[in-house]
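Notes follow once the structure below has been shown.
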Amino acid sequence: MSEEEQFEIFTEDGVSLGTAPRSRVHAEGLWHKSAQVFLFDSVGRLYLQRRVENKDVCPGLWDQSAAEHLKPGESWAAGALRGLAEELGITGIQLKPLGEPFAGRLDQVELGVHDHELQQAFTGIWDGPVRCDPEEVAIGTVVEMSFRLVHEAAGIPLGLHQGNLGRMASSRECSYDTGGATTRDHDVELANRQFSR
C-alpha cells in the first residue's frame, strides 16, 4: 500500500504550518494550496473536464480545464503546469496568472469534505491535442461562454477567477464560497467537441 499524499498546510493568511495527509486536510478543513487553469482555444472556447466519480471532492462534476493541489514547496505556476501535463497531456504551454491568489472554501458536509484552499488561477491558449487521463478525467469538452459581468484578463474575456465556474456547468452545483463574490451570472452552452482519452 502506498503512502498517502501529503499537502503543505497553511494559515488562511498563507503562513506554512508543516504538512498533513490529504484525508486529514479535507476532513478538518486545513488550508492548503491549489492551482486552477482556465484553458482556451484560439477562438475563445473554454476547455472543461468532468471529474471521475471516485474523486473525494466534487465527484462526477464539471470542473475548470485543470486543477492541481500543490506539492510541499511547489510554486503555483509549477503546480498548474504539472496539472495540465498529468490531467490533459499538455506540455510546452505558457500560462499567465489570472488575478491574485485568494482563499476559497468548499464544504460538502454530506461527503465529509471541507476543502479550504489558497488558490491561484491561470489562463492560457492551446490549440494542440488534449489527451485526458482516465484516472482523473471522465470526459472533456469545450464551451462557448457569455457573461453579464465580464472583464479583461490576459487579453481574454473572463469572469472566472472568483471560483470554480466550470463546476457550475453541472446540474449539481459545486461552487466555492469566495467571501461574497459571485460567478452565478453566467450562460454556458456546451459545444459538440470532446477530448480524446
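Residue numbers (the numbering used here): 1076 to 1272. Note that the Cβ used here is the ideal one computed from N, Cα and C, for glycine as well. All values reported here derive from a predicted model rather than from experimental measurement.
Taken through DSSP and simplified to helix, strand or coil, L1193 comes out as strand. For G1093, the uninterrupted beta strand (DSSP E) run begins and ends at 1091-1096, by DSSP.
Q1111 sits away from Q1169, with the two beta carbons spaced by 7 Å or more.
For the pair R1125 and I1200, the CB atoms are not nearer than the 7 Å cut-off. Judged by DSSP secondary structure, R1157 falls within the alpha helix (DSSP H) whose first and last residues are 1151-1163. Listed as beta-bridge partners of P1172 by DSSP are F1197. Remark: C-beta atoms of E1083 and R1097 do not approach each other more closely than 7 Å. Taking all protein chains in view, the Cβ of E1210 is surrounded by fewer than 16 other Cβ atoms within 10 Å, so the residue is classified as exposed. A Cβ-Cβ separation of about 6 Å places H1107 in contact with H1144 under the 8 Å criterion. Excluding its 5 nearest sequence neighbours in each direction, G1187 has C-beta neighbours in its own chain below 7 Å: A1102, listed in chain order. Ranked by how close their Cα comes to the Cα of L1159, the residues L1092, S1117, V1090, T1198 have T1198 in first place. In the three-state reduction of the DSSP assignment, L1186 falls in the helix class, which pools H, G and I. Among the bridge pairs identified by DSSP, S1109 is matched with H1144, Q1194. Setting aside the 5 residues that flank it on each side, G1104 is surrounded in the same chain by H1189, H1191, each with a C-beta closer than 6 Å to its C-beta; the list follows chain order. Within 10 angstroms of the beta-carbon of E1128 lie fewer than 16 other beta-carbons, which makes it exposed.
Nearest Cα to V1212 within the set W1137, R1099, V1090, A1095: W1137. The Cβ neighbour count for V1100, taken over all protein chains shown within 10 Å, is at least 16; the residue is labelled buried.
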